[in-house]
Amino acid sequence: EEFGIEIPDDAAENIQSFGDAVKFISEAA
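Each residue of the sequence shown is one higher than the one before, starting from 1030 at the first, in my numbering.
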């Protein structure tokens, strides 16, 4: 909403999962 777009719940979950994966990878590196 802050960016003026609406993200479907499933897409938002995918983005969150992707963020978690990036965090996991960056911590493991």
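Idealized CB from N, CA, C, for every residue including glycine.
Next on the checklist: I need the straight-line Cα distance from D1039 to F1047, nearest angstrom please.
Outcome noted: 12 Å
Checklist entry - CA-CA distance, A1058 and K1052? => result 10 Å
Checklist entry - Between which two residues does the alpha helix (DSSP H) containing F1053 stretch? => result Going by DSSP, F1053 is part of the alpha helix (DSSP H) stretching over 1038 to 1057.
Checklist entry - Roughly how many angstroms lie between the CA atoms of F1032 and I1054, to the nearest whole one? => result Rounded to whole angstroms, the gap between the alpha carbons of F1032 and I1054 is 27 Å.
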